[in-house]
């Protein structure tokens, strides 16, 4: 039986299987929406990945990922822009709802986070005409402040929406509960995003207490402290009714379990905890 409203970000079972096997497991459990990563697509080939998507009538709630715009010099920044244009082309070929952007952190040797944030805006602006022409929305994903130095200097939903307002149509946000659940202004910013029609994706997992690793110790829904149902209500009240996309990085737990068990658990927790 098809599971409506649930997407699986393929990072959730990236250590157990590749693109084709991951699709088969999702389909076995009635899931017809996925979000692959570019390295997973590259491993099987863009053409073959596209064939699998089309043959199975899959919906791609996003392609991960573009971004990482800041660099120490103009050459590095231009390389990032070129790579993001290629990512746009890949998203278009796969029919993805959006290309998820992780902004990037401080360039090597820099302590100037304001300059890094300007580079992010300039980088997205440079990619945007290509994305608009390809019909691929760009989804800025703000990351938790613990990643500000190395992964994303865009850390709140409010910051991401400010960029959307600056750049105009074709740019929105991916709201990942892992990164924004703590924000005291979250409810207001979700409502703001709704008024802007800027919500492009809704990612779910849970925040474990304690969290043992900043990157690879995300929890399965229901195992942590995030008010998943409350955030979902706010996002739906803001007008977004797309699939909830499970994205779990879990080196010591879920990545060590059989992929079939992981996806079965995702379905059960989605039905009972989200």
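Numbering (the UniProt record's numbering), first residue to last: 1 to 274. Even glycine gets a Cβ: it sits at the ideal position worked out from N, Cα and C. No experiment lies behind these values; they were computed from the predicted model shown.
Does the distance from the CB of residue i to the CB of residue j come in under 8 Å?
i           : j           : result
residue 34  : residue 6   : no
residue 173 : residue 13  : no
residue 100 : residue 154 : no
residue 105 : residue 152 : yes
residue 139 : residue 62  : yes
residue 37  : residue 65  : yes
residue 167 : residue 215 : no
residue 19  : residue 40  : yes
Spatial neighbours of residue i within its chain, please: CB distance less than 6 Å, with the 5 preceding and 5 following residues excluded, ordered by chain position.
i           : result
residue 180 : 157, 186
residue 223 : 206
residue 132 : 170
residue 226 : 177, 181, 206, 207
From residue i to residue j, what distance separates their C-alpha atoms?
i           : j           : result
residue 233 : residue 274 : 10 Å
residue 201 : residue 114 : 26 Å
residue 275 : residue 256 : Nothing in the structure corresponds to residue 275, since the chain is present only between 1 and 274.
residue 280 : residue 69  : Shown here, the chain extends from 1 to 274; a query on residue 280 therefore has no answer.
residue 11  : residue 197 : 27 Å
residue 238 : residue 194 : 4 Å
residue 240 : residue 182 : 21 Å
residue 71  : residue 150 : 12 Å
residue 52  : residue 199 : 27 Å
residue 184 : residue 219 : 21 Å
residue 217 : residue 208 : 8 Å
residue 192 : residue 235 : 10 Å
residue 96  : residue 8   : 13 Å
residue 102 : residue 146 : 14 Å
residue 57  : residue 265 : 23 Å
residue 92  : residue 126 : 18 Å
residue 137 : residue 213 : 31 Å
residue 247 : residue 111 : 30 Å
residue 272 : residue 258 : 21 Å
Enumerate in chain order the residues of its own chain whose CB-to-CB distance from residue i is below 7 Å, with the five nearest sequence positions on each side excluded.
i           : result
residue 260 : 25
Exercise for the section: Evaluate the contact criterion for the region 80-88 versus the region 157-172: three or more CB pairs, one atom per stretch, below 8 Å. Expected result: no
Handout entry: 3 or more residues per run - each beta strand (DSSP E) lying fully within the region 6-51
Key = 6-9, 33-35
Handout entry: contact_flag[the region 34-46, the region 68-82] where n(CB pairs < 8 Å) is 3 or more
Key = no
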